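Contents: one structure, followed by commentary.
Protein chains: 2
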Amino acid sequence: MVTLSEENYLKAIYHLGKQGTLSVSTNAIAEKVSSKASSVTDMIKKLADKNLANYTRYQGVSLTNEGRLAAALVIRKHRLWEVFLVNKLNFSWDEVHEVAEQLEHVKSLKLVNELDAFLEFPTHDPHGDPIPDKNGNHSPIKSISIFDIDAGNQGILSFVKDSTDVFLKYLNKNKLALGDTIKVLDFEPFDNSLTIETKSQKMIISKEVAQNLYLSI
Amino acid sequence: MVTLSEENYLKAIYHLGKQGTLSVSTNAIAEKVSSKASSVTDMIKKLADKNLANYTRYQGVSLTNEGRLAAALVIRKHRLWEVFLVNKLNFSWDEVHEVAEQLEHVKSLKLVNELDAFLEFPTHDPHGDPIPDKNGNHSPIKSISIFDIDAGNQGILSFVKDSTDVFLKYLNKNKLALGDTIKVLDFEPFDNSLTIETKSQKMIISKEVAQNLYLSI
DNA sequence: TTAAATTTTTAGTCTTACCTAAAAATATTT
DNA sequence: AAATATTTTTAGGTAAGACTAAAAATTTAA
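Going line by line, the protein sequences match chains V and R. Heads up: the first sequence begins at 1 in the working numbering, then just goes up one per residue. Heads up: the second sequence begins at 1001 in the working numbering, then just goes up one per residue.
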């Protein structure tokens, strides 16, 4: 049995190192799960004992196939619940994270798969993140940061990298949502800001914002 | 903050003693939550410290108003989730308990209330148990055990007292479901069995079964 | 109304998941 | 390549929530 806490560590390792394939550092994990390096070392040993992680002292951790699948299933649940909250229960995309963090730990294969069917097999969550399938696979994101797009080109906003509520609220305030068509009009070298245009408006966004908006083109 | 474990004890006390108003014994609680009496004593002290329970050594426990409300809210969540699982996710009534036991601990007022609305404010769960409202109140059950109904009378099956999966599977096998109209045809004093009739069949049920079936008349 | 049985509490342990502080290993500078 | 800085691990400790075994209180029976 994988405990709640173990699931959170698996998720962290998965996210930090390209689906857990890369070796990630103890400190990075500690930061991600808001704990201390020493606690991480303890937990990593436990994961390695359970054959969920590959670990050699001082060399960082990666996930085993088993660990990667376990992590992907937690992420699958998290994202499916987010879709449920937004599509069925009137949550907005900046309110779902905390609740999904709890729901993702509920254990029942039937629950996940019925939920998936009930939501009509969504492929992406409300922030544009792909939803892993039963086998832990997801369609790779084929999108590119607005910051890397040349002036004159456009695309559809399909993913936001930062999904903290501060950023999502900024987007709400500025009427930017997934699915919007966005055109890059101009790049300002002085402060790296960009002028963009949507169906309803023309606006200037900072480099920080641009780097978190991804378009599919 | 009320922990998961505390919530389970609150539920147990609530269920054992008429919504927690009656004083219940340490042993009874231990039995209900599958732990030992000594563990119960520890937890009861914690609940009393948090002003959720009334406790004097050797005299049993009851719930304070605050404790009763907290318990009712957990039960509200449990039953709403059961409705969700059965009505939306194709679970049958004998499969929902275990999953609802996990879902009931998810913390988010918005979640409960939106779920309630999404399900169109159900008043009873799939076993006929009443769903407490936001303030912890529920409509009293106005139903009577089949065992206490005189031959010749009938009613609608609206509540099953025992909701273990063994009993629910027995009902499934014998095509008895909530909402069915059931008429009591005969009572057999030798073994206390009853002959009942539904729209589709005539059958004999034991005293044990009869005492767990409640009709509204 | 004592004696016996039962229930409840206390005392002392264990495990999980965290922590701090110090030691060990690895990385980075000079 | 030594010295210094950083990262990681180890050692030892804490709180929550469980446990066993023994002591205390209450209840039941003789």
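We treat Cβ as the ideally placed atom computed from N, Cα and C, and that holds for glycine. Note that this is a predicted model, so its numbers are computed, not measured.
Spatial distance of residue i from residue j (CA atoms)
i         : j         : result
R/Thr1195 : R/Gln1154 : 12 Å
V/Ser62   : V/Glu197  : 42 Å
R/Ala1072 : V/Asn65   : 43 Å
R/Asp1165 : R/Val1086 : 14 Å
R/Glu1095 : R/Pro1126 : 11 Å
R/Lys1018 : V/Leu119  : 39 Å
R/Phe1190 : R/Thr1181 : 26 Å
R/Tyr1058 : R/Ala1070 : 24 Å
R/Asp1049 : R/Gly1060 : 15 Å
R/Leu1016 : R/Met1001 : 23 Å
V/Ser221  : V/Lys36   : One cannot answer for residue 221 of chain V here, as it falls past the ends of chain V, which runs 1 to 217.
V/Ser23   : V/Arg68   : 13 Å
V/Val83   : V/Asp129  : 11 Å
V/Leu89   : R/Asn1113 : 9 Å
V/Asp133  : V/Lys11   : 16 Å
V/His78   : R/Ala1151 : 54 Å
V/Tyr170  : R/Lys1110 : 22 Å
R/Lys1207 : R/Asn1192 : 5 Å
V/Lys161  : V/Leu213  : 7 Å
V/Thr56   : V/Leu47   : 12 Å
R/Lys1142 : R/Leu1178 : 15 Å
V/Ser38   : V/Ser25   : 12 Å
V/Asn51   : V/Lys45   : 10 Å
R/Ser1108 : R/Thr1021 : 27 Å
R/Lys1199 : V/Asn135  : 46 Å
R/Leu1115 : V/Gln102  : 16 Å
R/Gln1201 : R/Pro1140 : 31 Å
R/Asn1053 : V/Ala117  : First, the residue type needs correcting, since residue 1053 of chain R is Ala and not Asn in the sequence shown. Approximately 43 Å, taken between the alpha carbons.
V/Leu157  : R/Lys1032 : 53 Å
R/Asn1172 : V/Asn172  : 50 Å
Within chain V, partners of residue i - CB distance below 9 Å
i         : result
R/Glu1114 : Leu85, Lys88, Leu89, Asn90, Phe91
Option nearest residue i by Cα separation, candidates the options
i         : options                                    : result
R/Phe1121 : R/Gly1152, R/Trp1081, R/Ala1151, R/Ser1025 : R/Trp1081
V/Ser34   : V/Lys173, V/Tyr9, V/Ser200, V/Thr181       : V/Tyr9
R/Met1043 : R/Leu1004, R/Glu1114, R/Lys1077            : R/Leu1004
R/Arg1076 : R/Ser1193, R/Leu1016, R/Thr1123            : R/Thr1123
V/Ile131  : V/Phe159, V/Ile149, V/Phe147, V/Ser145     : V/Phe159
V/Val40   : V/Ala28, V/Ser23, V/Asn51, V/Ile217        : V/Ala28
V/Ile205  : V/Ile217, V/Ser216, V/Lys199, V/Asn174     : V/Asn174
V/Met203  : V/Asp148, V/Leu176, V/Asn212               : V/Leu176
V/Glu6    : V/Glu104, V/Phe167, V/Thr56, V/Ser143      : V/Glu104
V/Ala30   : V/Thr21, V/Ile13, V/His97                  : V/Ile13
V/Asn137  : V/Ser143, V/Lys183, V/Val74, V/Ser163      : V/Val74
R/Val1099 : V/Val106, V/Ser145, V/Ala100               : V/Val106
V/Phe147  : V/Thr21, V/Gln211, V/Lys46, V/Ala53        : V/Gln211
V/Leu215  : V/Ser163, V/Val184, V/Gln201, V/Ser200     : V/Val184
V/Ile217  : V/Ala53, V/Lys199, V/Ser145, V/His97       : V/Ser145
R/Ser1163 : R/His1097, R/Gly1179, R/Thr1021            : R/His1097
V/Leu168  : V/Phe187, V/Glu188, V/Val209               : V/Val209
R/Phe1187 : R/Ile1149, R/Gln1201, R/Ile1156            : R/Ile1149
Contacts that residue i makes with chain R (C-beta to C-beta distance below 9 Å)
i        : result
V/Phe118 : Lys1088, Leu1089, Asn1090
Any non-hydrogen atom of the ligand GDP closer than 7 Å to residue i Cβ
i         : result
R/Lys1142 : Among the ligands in the structure shown, none appear at all, so the ligand GDP cannot be discussed.
Entirely enclosed alpha helix (DSSP H) segments - the segment 131-191 of chain V, minimum 4 residues: 165-173
Members of the segment 1090-1111 of chain R that neighbour chain V once the beta carbon cut-off is set at 9 Å: Asn1090, Phe1091, Glu1095, Glu1098, Val1099, Gln1102, Leu1103, His1105, Val1106, Lys1107, Ser1108, Lys1110, Leu1111
Contained beta strand (DSSP E) runs [length at least 3] in the segment 30-58 of chain V, N- to C-terminal order: 53-55
Secondary structure, alpha helix (DSSP H): runs of 4+ residues fully inside the segment 53-89 of chain V: 65-88
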